[in-house]
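>
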Amino acid sequence: MKRKLLATITAAAMALGLMACGEAAAPAPAAPAAEESAEAPAASTGKKWIIATDTSFKPFEYTDDSGNFVGIDVDILAAVAEDQGFDYDLQSLGWDASIAACQAGQADGMIAGASITDERKSSGWIFSDGYYDANQSMAVEASSTIAGFDDLKGQSVAVKTGTMSASYAEELSKEHDFTVTYFEDSPTMYQAVVGGQVAACFDDTPIMAANIKDGNLSMKLVEGSGNEPAAYGFAIFNKDNQKLVDMFNAGLAHLKENGKYDEILAKYLGE
Amino acid sequence: MVRIITSYGGLLLTAMGRTLLLALLGLFFACIVGLFFGMMSVLKNRACNIIAQIFVDMVRGVPMIVLAFFVYFGMPYLFNTIIGGFNVVLTALQAGTICLALNCGAYMSEIIRAGIQSVDVGQMEAARSLGLSYGTSMRKIVLPQAIRTMIPSIINQFIITLKDTSILSVIGFPELVNTAKNVQANTFMSFQTWAIVGVMYLIVITILSRCAKLLERRLNVGRQ
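In the order they appear, the protein sequences are chains A and B. If you use the working numbering, the first sequence closes out at 305, no skipped numbers anywhere. If you use the working numbering, the second sequence closes out at 216, no skipped numbers anywhere.
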């Protein structure tokens, strides 16, 4: 009986402790925000922004042959940070983890070739201006006879989870009666096309073109399969980080003016 | 959260159905594989024992994600390109089933071996000295006793296998985790999505565990 009582008391104490923690934690995020707005005019005052990104989304972010983490996103972020004079720490967390990290406040923003969509905005995300317009198209195995969407009837088509090409394929799948299979990264998806597990895949046109050329993949783009371009943006979840988006937009505008932006694109996409 | 349920609820439920389908198919074949290699490892035949041991070591020594890539991409490549003359094309469901059957089968075979070996040797000796054949003694005397010991481990293995289906999201099979990643990417609502998915798994696995408990109790009649 005594022991039971003791257990109850301990449990109650622990519950109280937890509640206290919860209360203490709640106001915490507000404090740094207040500090920031007070010193808003001075853009860089020591704060190191943590930016999350994907692990491998060529040519936006990937590890090159000499082991350096490079890509359009990486270079644009670096150039913007230099232009605006802020410190940042780019962490290659992966796509799913980047989203989660921003929501949890473990990262301040993410730049991972994320398309600006209304659905994402309605979940409370804030996007910067578009920094790249991507259009998507279809590719098939090099010897395939598929020449258009009508040839896909009853077949399976690969896309990458969460990309604009996925939504594009989903739209087409109803009309043309094919099924969509989701992969986590481009290499696996291309492998499925080359290996014949799927009839075709959808991906961003320049990326696929670059991959087919560089990677010597036995695949070809299908002419006339492209869609209307959509923009990629830098994204934040916590409204207190609005300043980061403002700096990004301002920096991006500068880069576009002074030609640095075109330089970066040319470096990764060629002509 | 509500928005995910209203706009993606149906999709997630279908995906849960696919998870269950994959798990059931995988478990069915895993039982066959497990029984086959489990029996091979208890036979009094050195060659059979070694074959069973190699199978178990190979499958247990490879993470399932590697096995999944190998079965889905490697096997067609092996047969069609390296050996040549075949035209093997696996769907993600077939590859997933093979994967689960191999993986879970290896563990099952160990559970079966351990179960049989836990029955006192005297039981088999007594049965044989009464003139029963090896097969009959195994079926009528040893296995009924062994199965009772095996049941809790087998149920455990079933639940592990059900959860392991999530690994097969990497080969693009649209089971629950694969679908959840899509929902997450579309909505950018990470925690809400995973919370819903977690609860879905929890409900299904809890129901199945309770059913398994009932079955276990029924099979255990007369033991206490």
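Backbone N, C-alpha and C fix where the C-beta goes; we use that ideal spot for every residue, glycine too. From a predicted model like this one, the values you see are computed outputs, not experimental measurements.
Per the DSSP calculation, L154/B is bridged to which residue(s)?
Partner(s): none; L154/B has no beta bridge.
> Kindly list the residues whose CB is nearer than 8 Å to the CB of E70/A, restricted to its own chain and excluding five residues on each side of it in sequence; keep chain order.
In this prediction, E70/A has a pLDDT of 42, which is less than 50 and means its spatial position is unreliable; what the coordinates show is noted afterwards. Excluding residues within five positions, the ones whose Cβ falls inside 8 Å are K81, D274 and K277.
> My output table needs one value for E262/A: the three-state DSSP class, helix, strand or coil.
Residue state, collapsed to three classes: coil.
> Give the DSSP-derived three-state secondary structure of S161/B in the structure shown.
Reduced to three states, the DSSP call for S161/B is helix.
> So, does the CB of S158/B fall closer than 7 Å to a CB anywhere in chain A?
So, not an interface residue.
> Determine, for E318/A, whether the minimum Cβ-Cβ distance to residues of chain B falls below 7 Å.
With chain A running from 35 to 305 in the structure shown, residue 318/A is simply not present.
> Express the C-alpha separation of M8/B and G26/B in angstroms, rounding to a whole number.
Cα to Cα, G26/B sits roughly 26 Å from M8/B.
> Assuming the contact rule is C-beta atoms closer than 8 Å, I143/B and L211/B should be a hit. Round their C-beta distance to whole Å, please.
Sure, about 6 Å apart at Cβ, within 8 Å.
> Check distances from the C-beta atoms of the stretch 139 to 159 of chain A to those of chain B and list, in chain order, the residues that come in under 7 Å.
Within the stretch 139 to 159 of chain A, the qualifying residues are E153, R154, S157 and W159.
> Any beta carbon of chain B sitting closer than 7 Å to that of L299/A?
Answer no: the Cβ-Cβ gap between L299/A and chain B never drops below 7 Å.
> In the DSSP assignment, find the unbroken alpha helix (DSSP H) run with T185/B in it and report its ends.
Run containing T185/B: S182 to L211, per the alpha helix (DSSP H) assignment.
> Report yes or no: is there a C-beta of chain B within less than 7 Å of the C-beta of Q225/A?
Yes, its Cβ sits closer than 7 Å to a Cβ of chain B.
> Does chain A have any CB closer than 7 Å to the CB of P55/B?
Closer than 7 Å: no.
> Pull up the distance between the alpha-carbon of Q149/B and that of V175/B, whole angstroms please.
Whole-angstrom Cα-Cα distance: 29 Å.
> Can you give me the C-alpha to C-alpha distance between F120/A and I106/A, rounded to a whole angstrom?
Each residue's Cα considered, the two are about 19 Å apart.
> Hey, could you find the ends of the beta strand (DSSP E) K194/A is sitting in?
Per DSSP, K194/A belongs to the beta strand (DSSP E) from S190 to K194.
> Classify N79/B: buried if its beta carbon has 16 or more other beta carbons within 10 angstroms, exposed otherwise.
Per the 10 Å Cβ criterion, exposed.
> If distances are taken between C-alpha atoms only, which option among Y266/A, T222/A, N245/A and L303/A comes closest to F65/B?
For the residues Y266/A, T222/A, N245/A and L303/A, the minimum Cα distance to F65/B belongs to T222/A.
> Tell me, which residues are paired with D237/A by DSSP?
Beta-bridge pairing links D237/A to S171/A.
> For the 8 Å Cβ check, are there 3 or more pairs between the stretch 96 to 107 of chain B and the stretch 48 to 67 of chain B?
Flag = yes, the stretch 96 to 107 of chain B and the stretch 48 to 67 of chain B touch.
> Give the C-beta separation of K173/B and S158/B to the nearest angstrom, bearing in mind that I take them to be a contact with Cβ-Cβ under 8 Å.
Their Cβ separation, rounded to whole angstroms, is 10 Å, which puts K173/B and S158/B out of contact at 8 Å.
> Quick check: the Cα distance between L194/B and I160/A, rounded to an integer number of angstroms?
The alpha-carbon atoms of L194/B and I160/A are separated by roughly 33 Å.
> Nearest chain A C-beta to L177/B closer than 7 Å, yes or no?
Per the sequence shown, the amino acid found at residue 177/B is Ala instead of Leu. For A177/B, the answer is yes, since a Cβ of chain A falls inside 7 Å of its Cβ.
> Whose C-beta lies closer than 6 Å to the C-beta of R(-5)/B among residues of the same chain, with five residues either side of it excluded?
Closer than 6 Å at the Cβ level, and outside the excluded window around R(-5)/B, lies no residue.
> Under 7 Å between C-beta atoms, does M248/B make it to chain A?
An answer regarding residue 248/B cannot be provided, because it is not within the stretch -7 to 216 covered by chain B.
> Please confirm whether G128/A has its beta-carbon closer than 7 Å to some beta-carbon of chain B.
Not an interface residue.
> Please confirm if F268/A has its CB atom under 7 Å from at least one CB of chain B.
Cβ-Cβ to chain B under 7 Å: no for F268/A.
> By Cβ distance below 8 Å, which residues in the same chain neighbour A200/A in space, the five residues on each side in sequence not counted?
If we look at A200/A and ignore the five residues flanking it on each side, its Cβ neighbours are V193, K194, V214, Y216 and F236.
> Quick test of your reading: G188/A and F212/A, contact by CB under 8 Å. State the CB separation rounded to the nearest angstrom.
Contact flag correct, Cβ pair sits at about 7 Å.
> Taking one C-beta from the stretch 150 to 164 of chain A and one from the stretch 172 to 180 of chain A each time, how about it: are there three or more such pairs within less than 8 Å?
Too few Cβ pairs lie closer than 8 Å, so no.
> Please report the residue range of the alpha helix (DSSP H) in which F47/B lies.
Unbroken alpha helix (DSSP H) run through F47/B: R38 to R52.
> For the stretch 245 to 262 of chain A against the stretch 134 to 143 of chain A, are there 3 or more C-beta pairs whose distance is under 8 Å?
Not touching, per the Cβ criterion.
> Closest Cβ-Cβ distance between P68/B and chain A: below 7 Å?
So yes, P68/B belongs to the interface.
> Out of curiosity, what's the CA-to-CA distance linking I43/B and M32/B?
If you take the alpha carbons of I43/B and M32/B, they lie about 8 Å apart.
> List, in order along the chain, the chain B residues whose C-beta lies closer than 8 Å to that of I133/A?
Within 8 Å Cβ-Cβ: Q176, A177, F180 and S182.
> Tell me, please, whether the CB atom of F217/A is closer than 7 Å to any CB atom in chain B?
At least one chain B Cβ lies under 7 Å of F217/A.
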